[in-house]
Amino acid sequence: GENVEQHPSTLSVQEGDSAVIKCTYSDSASNYFPWYKQELGKRPQLIIDIRSNVGEKKDQRIAVTLNKTAKHFSLHITETQPEDSAVYFCAASTSDMRFGAGTRLTVKP
Amino acid sequence: KAGVTQTPRYLIKTRGQQVTLSCSPISGHRSVSWYQQTPGQGLQFLFEYFSETQRNKGNFPGRFSGRQFSNSRSEMNVSTLELGDSALYLCASSSGLTGSPGELFFGEGSRLTVL
Numbered sequence: 051g052e053n054v055e056q057h058p059s060t061l062s063v064q065e066g067d068s069a070v071i072k073c074t075y076s077d078s079a080s081n082y083f084p085w086y087k088q089e090l091g092k093r094p095q096l097i098i099d100i101r102s103n104v105g106e107k108k109d110q111r112i113a114v115t116l117n118k119t120a121k122h123f124s125l126h127i128t129e130t131q132p133e134d135s136a137v138y139f140c141a142a143s144t145s146d147m148r149f150g151a152g153t154r155l156t157v158k159p
Numbered sequence: 004k005a006g007v008t009q010t011p012r013y014l015i016k017t018r019g020q021q022v023t024l025s026c027s028p029i030s031g032h033r034s035v036s037w038y039q040q041t042p043g044q045g046l047q048f049l050f051e052y053f054s055e056t057q058r059n060k061g062n063f064p065g066r067f068s069g070r071q072f073s074n075s076r077s078e079m080n081v082s083t084l085e086l087g088d089s090a091l092y093l094c095a096s097s098s099g100l101t102g103s104p105g106e107l108f109f110g111e112g113s114r115l116t117v118l
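Protein chains in written order, with the numbering used here: chain D, 51 to 159; chain W, 4 to 118.
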């Protein structure tokens, strides 16, 4: 089955800085790549996603890039704010959805 | 529209017992996926059900099983509980109509503690 690796496991940035989280996947048939944000004690929620026919997608301060050849995709958060502090999960989907181990992002005011 | 509902929210069991968790998906969603969440391990895929059929399965032992009913509600069962089964069990629903889950909508989870 699909294997998703995510780095780094923890990331600490200063408010206003950018944050980048990277993921790799193993199954070249994967065609859907969502990112979920999980705040402490809450359920994961989708923040942005990208399909395999698109190289980049942006939504305000967050963007995702996909390199199908290298089988990796990244989440970029610009102008980080304290409320961005959470655990972020990447995922790759073929017939089912497999998640990375998560990145705990801390934004220091 | 009501969200994904999981019951019970918290439960404590002892080793060797069994447990059944329930998940009611968003109305109209036919796919239900189950995940185990433990610190450092992320979300581990258990299985996915679509229209009462198990469509995909992760790499968990046979002690973990599930089913889906005609109203799309799903249950998962863990038999012969082990200490390592302590985790947050998350259920997620989606339309599932494209043959793959698509956007997942998660419940709040059932936190299982095994003593």
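Backbone N, C-alpha and C fix where the C-beta goes; we use that ideal spot for every residue, glycine too.
With 16 or more other CB atoms across the displayed protein chains lying within 10 angstroms of its CB, D/Tyr86 is buried. The beta carbon of D/Val137 sits closer than 6 Å to the beta carbons of Gln88, Gly152 and Arg154 from its chain, once the five residues preceding and following it are set aside; these are given in chain order. Every beta strand (DSSP E) stretch that sits fully inside the stretch 48 to 79 of chain W and reaches 3 residues is listed by chain position as 56 to 60 and 67 to 71. In chain order, His126, Ile127, Thr128, Glu129 and Thr130 place their CB closer than 8 Å to the CB of D/Ser68, counting only its own chain and leaving out the 5 sequence neighbours on each side. Under DSSP, W/Arg114 forms a beta bridge with W/Tyr13 and W/Leu91. At least one CB of chain D lies nearer than 7 Å to the CB of W/Phe109.
Nearest neighbour of D/Phe139 by Cα position, chosen from D/Ile98, D/Phe149, D/Ser62 and D/Lys108, turns out to be D/Phe149.
Residues Ala90 of the same chain have their beta carbon placed closer than 6 Å to that of W/Thr41, with the five preceding and five following residues left out of the count.
In chain order, Val22, Leu84 and Val117 place their CB closer than 6 Å to the CB of W/Lys16, counting only its own chain and leaving out the 5 sequence neighbours on each side. Beta-carbon to beta-carbon, W/His32 and W/Ser113 are separated by about 18 Å, too far to satisfy the 8 Å threshold. For W/Ser25 and W/Glu55, the gap between their C-alpha atoms comes out near 14 Å. Put simply, the CB of D/Pro94 is near chain W, with a gap under 7 Å to one of its CB atoms.
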